[in-house]
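Peer 1: Provided herewith is a single structure, encoded as structure tokens, for subsequent inquiry.
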Amino acid sequence: DYVLAMLVERGVVSGSEAQTIRGTQLAIARHGAENRAPHFVAYAVEQLPADVRTAGGRVHTTLDLQLQRTLQRRVSEQVAQLSHLHLQQAGVVVMDTESTGVRAMVGSTGWSSPSGQLNLTTRRRNPGSALKPFVYATAIEGGDSPSTVAWDMRDVTGDYFAPNGVEHGPVRYREALASSYNFAAVDVLDRIGVPRLMTTLRAAGVAELPGAPDDYGLRLALGAA
280 DYVLAMLVER GVVSGSEAQT IRGTQLAIAR HGAENRAPHF VAYAVEQLPA DVRTAGGRVH
340 TTLDLQLQRT LQRRVSEQVA QLSHLHLQQA GVVVMDTEST GVRAMVGSTG WSSPSGQLNL
400 TTRRRNPGSA LKPFVYATAI EGGDSPSTVA WDMRDVTGDY FAPNGVEHGP VRYREALASS
460 YNFAAVDVLD RIGVPRLMTT LRAAGVAELP GAPDDYGLRL ALGAA
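Residue 280 is where the sequence shown starts when you use the numbering used here, and the numbers rise one by one after that.
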């Protein structure tokens, strides 16, 4: 009403036009400011208590906006470069190892698309080769050493999955882990037993693993959890 009165006073609109406008239902449109770190913002909001979340206010975060912009560009470039391999999405998260603060979080490319709404950096999925260090750590805690020999061969009985690849024969733990040899990791897990690895993973806070050892089997060495 105040603005309309000023417009009438200055002759921008007539009195009848102002009256018509006053009788029009207002449709409030949100401003078009770009959310420059959508997945990070959503993640940060989720961490807030419900009463704080609804009250509104200013939240100070650990985000490095320059790093965030760089990674968003790099992730988009990576997906585009690997599109011929049917790669559709990618994500990356960067954390400060001392404070554990999240410095950047790119959950996907194309936030506006349905697949872009999914935050790949927080979604639970198979950890893959990230579990191999825990396999060797468990074996070493049991008395082995980094120079203990494992057999990188398809000679382990039981139900497990390992991608096709070159067998490397006898290799020391340090070489097998550094090279991420699949068959060697399965061989070591076959020696130490799945229950011991599950205990290690739980103690380290890596995974809850609610199932029984037989639910995972030797595939657990390759991150099939």
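The beta-carbon is built from N, C-alpha and C at its ideal position, and this holds for glycine as well. Computed from a predicted model, the values in this text were never measured in an experiment.
1) Taking the CB atoms as reference points, tell me whether residue 502 and residue 406 lie closer together than 8 Å.
2) Any contact between the stretch 461–472 and the stretch 408–418? By contact I mean 3 or more CB pairs, one from each, below 8 Å.
3) How is residue 330 classed by DSSP in three states: helix, strand or coil?
4) On the DSSP letters alone, give me the boundaries of the beta strand (DSSP E) that residue 374 sits inside.
5) Do residue 341 and residue 276 have their beta-carbon atoms positioned less than 8 Å apart in this structure?
6) May I ask you to report which of helix, strand or coil DSSP gives residue 432?
7) From residue 504 to residue 494, what distance separates their C-alpha atoms?
8) With a threshold of 8 Å on Cβ separation, who are the neighbours of residue 477 within its own chain once the five nearest residues in sequence on each side are excluded?
9) Verify whether the separation of the beta carbon atoms of residue 384 and residue 318 is less than 8 Å.
10) Identify which residue in 345, 281, 354 and 296 has its Cα closest to the Cα of residue 400.
11) Mark residue 329 as exposed unless 16 or more other C-beta atoms lie within 10 angstroms of its C-beta, in which case mark it buried.
12) Does the contact criterion of 3 or more C-beta pairs under 8 Å hold for the stretch 444–454 versus the stretch 366–381?
13) Alpha carbons only, please: which of 388, 472 and 409 is nearest the one belonging to residue 362?
14) Is it true that the CB of residue 352 sits closer than 8 Å to the CB of residue 418?
15) Looking only at DSSP bridge pairs, what is residue 451 linked to?
Peer 2: Taking the definition as stated:
1) It is a contact, given that the beta carbons lie within the stated cut-off.
2) Result yes; three or more Cβ-Cβ pairs closer than 8 Å.
3) In the three-state reduction of the DSSP assignment, residue 330 falls in the helix class, which pools H, G and I.
4) Per DSSP, residue 374 belongs to the beta strand (DSSP E) from 371–374.
5) With the chain covering 280 to 504 only, the question about residue 276 has no answer from this structure.
6) The answer is coil: DSSP assigns residue 432 none of H, G, I, E or B.
7) So the alpha carbons of these two residues sit roughly 9 Å apart.
8) Within the same chain, residue 477 has close Cβ partners 488, 492, 495 and 499.
9) It is a contact, given that the beta carbons lie within the stated cut-off.
10) If we check each option's Cα against that of residue 400, 354 comes out closest.
11) Residue 329 should be labelled exposed.
12) Below 8 Å, too few C-beta pairs join the stretch 444–454 and the stretch 366–381 to call them touching: fewer than three.
13) Per the Cα distances, 388.
14) No. Outside cutoff.
15) Within the DSSP bridge table, the entry for residue 451 names 428 as partners.
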